[in-house]
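Reading through the structure tokens given below for one structure.
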Amino acid sequence: MARTYHAVITYKELAEEIQHRTGIRTKALLHNWIGSVLGRVVREAHRRGHPPLTALVVRSDDGMVGNGYKEVLEVAGEPPVEDVLEREQHAAGARLACYRHFGATLPLDGGVPALAPRYQAAIGRRRASIEKPPRVCGSCFVQLPTTGVCDSCG
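In terms of my numbering, the sequence shown opens at residue 1 and continues consecutively.
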């Protein structure tokens, strides 16, 4: 994932990949073990001076990093981030650092931090669903019909 610009992996996909590559299978619930694995990844990446690979891991339902992302901030000595969008933007910057560090093919401008695709799509849907204020006539200030022509002023 770190070698593909704007790529992410879900917790479930990562768990399946870990089990496939190690040959160790578990029937334990994902949330009971993946956090400790990712915690080790956070600490080892920090020890090596690498960007936090765990920023590439997102939830499948909403495309956001999980609550365990706070460990990335702790290990780096940064203050916690309570605001969801701010946390996602931090993770987007960390992902870009991963792509750069691990040799992803980047655009000529060096790339930009990007929210995970599923989360970005959710934001777009939310923005689109917000109603636009109705158009009003500039003369009598009555709401215009769908034709855009004021019934009172013509």
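For each residue, glycine too, the CB sits at the ideal point set by N, CA and C.
When burial is assigned at 16 or more other CB atoms within 10 Å of the CB, is I34 buried or exposed? Looking at its Cβ environment, which holds 16 or more other Cβ atoms inside 10 Å, I34 is buried.
Would you list the one or two residues that DSSP bridges to Q143? V136
With 16 as the cutoff for other CB atoms within 10 Å, does A92 come out buried or exposed? In this structure A92 is buried. Its beta-carbon is surrounded by 16 or more other beta-carbon atoms within 10 angstroms.
Tell me which residue opens and which closes the alpha helix (DSSP H) that V42 is part of. Here the alpha helix (DSSP H) through V42 covers 34 to 48.
Should E88 be labelled buried (16 or more other beta-carbon atoms within 10 Å of its own) or exposed? buried
Go ahead and pull the three-state DSSP assignment for T156. Outside the modelled stretch of the chain, which goes from 1 to 154, sits residue 156, for which no answer is possible.
How far does the alpha helix (DSSP H) with Y99 in it extend, from its first residue to its last? From DSSP, the alpha helix (DSSP H) with Y99 extends over 84 to 101.
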